[in-house]
């Protein structure tokens, strides 16, 4: 696979793989049947990012908010997350799953990945949000310390660094509760296509757009 | 002034009035000369929102990050914020300025507005971020209480409610540190034009777009 050259790349990319249900419905399938088609796109993103030399990628797996959906949907997106993380663990990656494990919604199969682990040659840091919640993340800092100067280093997602570029598939332009502290300065790029319709060009277009954004960190 | 009709309106709109400096430069002016042209647009947004019956509007005045800019620029955007708030206080509004007052960067002229005050008939809640910082906002909760269940109600911006629609002028798609908790679920709409080039149509287009967004609050 050949990848284009870019003059300036983000260090850390976040992926919101939205639109699985709308993709399924548009094909006359049941909503939950979309999620299974979201696994291969994630592995393609992984491949491209390794080739480009991106340091860190964070995938929005599912949030605590998402678990309010019907059981058949919940089972489908949880299964997709499990399979995605297991597939990534067969590749070169430093894997970390972040989410609330004190809940039945957190799949036991992913517990071993909640401690950062190097697979193969490492090569790229991959974070995967599983049963993640913004409120859980921020208030977690209180359990660790009452020292407010250490808040950012004590949140549950403290091992996930600042996000430079957030790419969301499925045409919505919002964070849906993803990592409020790491996204305060992120450039957000929206792909109109649904996630199961992923094409490498979506990612390339986002990176091309990102090159022309100034980096001010709010300044 | 006639305003269009919408089938579904956001309860709370946030405004990031970006592009003042690029607007000035494009006209051969000095960067800081743009800010003065950002006052009237804010008053127009106020007028339209009152007519539409919007309950709450929050303006991104300036952040602690912004104060790292040159002194001439800083003076210019601080002056614009002072004038904007003073102008709004001559209208019907419940005004609240939110920001770190324990700093020379906070203009004394705006201290009286840091307590919510009703001017005229009230009619609309207007928040104005002045020397605001996301880190200051979140860690403020620690000073108030060590009870993590009360974190959200103890942040410095606790009187500002969840933002439904965030509109940013100046073509960038990012939050620049604006209210990380209130924006976790916000729909973000980007206007390519610079803020001093504000036209009512920008706001109408954003509201039209917002009507077609589904409201899931992350679910």
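Residue numbers (the working numbering), protein chains in the order written: chain D, 1223 to 1441; chain C, 1223 to 1441.
Ideal placement from N, C-alpha and C gives every residue a C-beta, glycine not left out.
Task: Sequence-distant residues of its chain with Cβ nearer than 7 Å to residue 1270 of chain D (five each side left out) - done: Working through the first chain from its first residue, we reach residue 1270 of chain D at position 48. Around residue 1270 of chain D: 1225, 1422, 1425.
Open item on the list: Within 10 Å of its beta-carbon, does residue 1302 of chain D have 16 or more other beta-carbons around it, so buried, or fewer, so exposed?
Closed with: Locating residue 1302 of chain D in the first chain gives position 80, where the first residue counts as 1. Residue 1302 of chain D comes out buried.
Task: Complete alpha helix (DSSP H) runs within the region 1324 to 1410 of chain D (minimum length 4 residues, chain order) - done: Qualifying alpha helix (DSSP H) stretches, in chain order: 1356 to 1366, 1373 to 1376.
Open item on the list: Rounded to whole angstroms, what is the Cα-Cα separation between residue 1419 of chain C and residue 1231 of chain D?
Closed with: Taking the first residue of the second chain as position 1, residue 1419 of chain C is located at position 197. Taking the first residue of the first chain as position 1, residue 1231 of chain D is located at position 9. In a straight line, the C-alpha of residue 1419 of chain C is about 31 Å away from that of residue 1231 of chain D.
Open item on the list: Spatial neighbours of residue 1405 of chain C within its chain, please: C-beta separation below 8 Å, excluding the five flanking residues on both sides.
Closed with: Position 183 of the second chain, counted from the first residue, corresponds to residue 1405 of chain C. Only 1236, 1385, 1388, 1397 meet the Cβ criterion.
Open item on the list: Only counting the same chain, and skipping five residues up and downstream in sequence, which positions put a Cβ closer than 8 Å to that of residue 1297 of chain D?
Closed with: One-based indexing of the first chain puts residue 1297 of chain D at position 75. So the qualifying residues of the chain are 1254.
TODO: Please compile the residues from chain C whose C-beta is within a distance smaller than 8 Å of the C-beta of residue 1288 of chain D.
DONE: As a working mapping, residue 1288 of chain D is identified with position 66 in the first chain. Near residue 1288 of chain D (Cβ distances below 8 Å), the residues of chain C are 1440, 1441.
Task: Own chain residues within Cβ distance below 6 Å of residue 1339 of chain C, not counting five before or after - done: Reading the second chain from its first residue, position 117 is the one you call residue 1339 of chain C. So the list reads 1317, once near-sequence residues are dropped.
Task: Cutoff 9 Å: residue 1297 of chain D Cβ touching any chain C Cβ - done: The residue given as residue 1297 of chain D occupies position 75 in the first chain. For residue 1297 of chain D, the answer is no, since every Cβ of chain C falls outside 9 Å of its Cβ.
- [ ] Starting from residue 1234 of chain C, follow the alpha helix (DSSP H) in both directions and report where the run begins and ends.
- [x] Within the second chain, the letter at position 12 stands for residue 1234 of chain C. DSSP places residue 1234 of chain C in no alpha helix (DSSP H) but in the uninterrupted beta strand (DSSP E) bounded by 1234 to 1239.
Task: Limits of the unbroken alpha helix (DSSP H) element including residue 1283 of chain D - done: Residue 1283 of chain D sits at position 61 when you count from the first residue of the first chain. Premise fails: residue 1283 of chain D lies in the beta strand (DSSP E), 1278 to 1285, not in any alpha helix (DSSP H).
TODO: Using a threshold of 9 Å, state whether the C-beta atoms of residue 1356 of chain C and residue 1403 of chain D are closer than that.
DONE: Working through the second chain from its first residue, we reach residue 1356 of chain C at position 134. Working through the first chain from its first residue, we reach residue 1403 of chain D at position 181. Yes. Within cutoff.
- [ ] Residues of the region 1357 to 1386 of chain D with a CB closer than 9 Å to any CB of chain C: list them in chain order, please.
- [x] Residues 1357, 1360, 1361, 1362, 1363, 1364, 1365, 1368, 1369, 1370, 1371, 1373, 1374.
- [ ] With a threshold of 16 other CB atoms inside 10 Å of the CB of residue 1248 of chain D, please say whether the residue is buried or exposed.
- [x] Indexing the first chain from 1 puts residue 1248 of chain D at position 26. By the C-beta density criterion, residue 1248 of chain D is exposed, having fewer than 16 other C-beta atoms within 10 angstroms.
TODO: Evaluate residue 1344 of chain D with the Cβ neighbour count: other Cβ atoms within 10 Å of its Cβ, from every protein chain shown; 16 or more gives buried, anything less gives exposed.
DONE: As a first step, residue 1344 of chain D must be located in the first chain, where it is residue number 122. Here residue 1344 of chain D is exposed: its Cβ has fewer than 16 other Cβ atoms, across all protein chains shown, within 10 Å.
TODO: Out of C/1430, C/1229, C/1284, C/1252, state which residue places its alpha-carbon closest to the alpha-carbon of residue 1354 of chain C.
DONE: One-based indexing of the second chain puts residue 1354 of chain C at position 132. Residue 1354 of chain C has its Cα closest to that of C/1284, out of C/1430, C/1229, C/1284, C/1252.
Task: Other residues of its chain near residue 1310 of chain C: CB distance less than 7 Å, five sequence neighbours each side excluded - done: To locate residue 1310 of chain C, count along the second chain from 1; it is residue 88. A distance below 7 Å between beta-carbons, with the five flanking residues on each side excluded, links residue 1310 of chain C to the following residues of its chain, in chain order: 1268, 1317, 1348.
Task: Contact under 9 Å by Cβ, residue 1275 of chain D with residue 1256 of chain D - done: As a working mapping, residue 1275 of chain D is identified with position 53 in the first chain. As a working mapping, residue 1256 of chain D is identified with position 34 in the first chain. In this structure, residue 1256 of chain D does not lie closer than 9 Å to residue 1275 of chain D by Cβ.
Open item on the list: I'd like the list of long-range same chain contacts for residue 1336 of chain C, defined as Cβ closer than 8 Å, with 5 residues on each side in sequence excluded.
Closed with: As a first step, residue 1336 of chain C is located in the second chain; it is residue number 114 there, counting from the start. Correct list, in chain order: 1318, 1319, 1320, 1321, 1323.
Open item on the list: So residue 1433 of chain D contacts chain C; which residues on that side make the cut at Cβ distance below 7 Å?
Closed with: Within the first chain, residue 1433 of chain D is the residue found at index 211, counting from 1. None at all; the shortest Cβ gap to chain C is about 14 Å.
- [ ] Assign residue 1342 of chain D to buried or exposed, taking buried as 16 or more other Cβ atoms, counted over all protein chains shown, within 10 Å of its Cβ.
- [x] The residue given as residue 1342 of chain D occupies position 120 in the first chain. Classified as exposed, residue 1342 of chain D has fewer than 16 neighbouring CB atoms from the shown chains inside 10 Å of its CB.
Task: 9 Å Cβ cutoff, residue 1351 of chain C in contact with chain D - done: Indexing the second chain from 1 puts residue 1351 of chain C at position 129. Output row for residue 1351 of chain C: interface = no.
TODO: Compare the Cα-Cα distances from residue 1430 of chain D to each of D/1379, D/1281, D/1409 and report the closest residue.
DONE: Sequence index remark: in the first chain, residue 1430 of chain D carries index 208 (1-based). Comparing alpha-carbon positions, the option among D/1379, D/1281, D/1409 lying closest to residue 1430 of chain D turns out to be D/1409.
Task: The beta strand (DSSP E) enclosing residue 1320 of chain D, as first and last residue numbers - done: To locate residue 1320 of chain D, count along the first chain from 1; it is residue 98. In the DSSP annotation of this structure, the continuous segment of the beta strand (DSSP E) that includes residue 1320 of chain D starts and ends at 1315 to 1320.
Open item on the list: The alpha helix (DSSP H) that contains residue 1297 of chain D, what's its start and end?
Closed with: Locating residue 1297 of chain D in the first chain gives position 75, counting from the first residue. Residue 1297 of chain D -> alpha helix (DSSP H) spans 1293 to 1310.
Task: Given residue 1266 of chain C as reference, the closest of C/1290, C/1306, C/1277 once Cα atoms are compared - done: Sequence index remark: in the second chain, residue 1266 of chain C carries index 44 (1-based). Per the Cα distances, C/1306.
Open item on the list: Against residue 1398 of chain D, what residues of chain C qualify as contacts under a CB-to-CB distance less than 7 Å, listed in chain order?
Closed with: One-based indexing of the first chain puts residue 1398 of chain D at position 176. Correct list: 1407, 1440.
Task: Three-way DSSP call (helix, strand, coil) for residue 1267 of chain D in this model - done: In the first chain, residue 1267 of chain D corresponds to position 45, counting from 1. Three-state DSSP puts residue 1267 of chain D in a helix.
Task: residue 1379 of chain C, buried or exposed, once every other Cβ within 10 Å from all chains shown has been counted against 16 - done: If you number the second chain from 1, residue 1379 of chain C lands on position 157. Label assigned to residue 1379 of chain C: buried.
TODO: Counting only the same chain and skipping the five closest in sequence on each side, list residues whose C-beta sits under 6 Å from that of residue 1272 of chain C.
DONE: Along the second chain, read from residue 1 onward, the residue named residue 1272 of chain C stands at position 50. Closer than 6 Å at Cβ, skipping near neighbours: 1345, 1346.
Open item on the list: Given this structure, state the Cα-to-Cα distance separating residue 1381 of chain C from residue 1313 of chain C, to the nearest angstrom.
Closed with: In the second chain, residue 1381 of chain C corresponds to position 159, counting from 1. In the second chain, residue 1313 of chain C corresponds to position 91, counting from 1. Using only the alpha carbons, I get a separation of about 21 Å.
- [ ] Alpha carbon to alpha carbon, how far is residue 1435 of chain D from residue 1252 of chain C? Give it in angstroms, no decimals.
- [x] For the purposes of this step, residue 1252 of chain C is taken as the residue at position 30 of the second chain. For the purposes of this step, residue 1435 of chain D is taken as the residue at position 213 of the first chain. Rounded to whole angstroms, residue 1252 of chain C to residue 1435 of chain D spans 21 Å at the Cα level.
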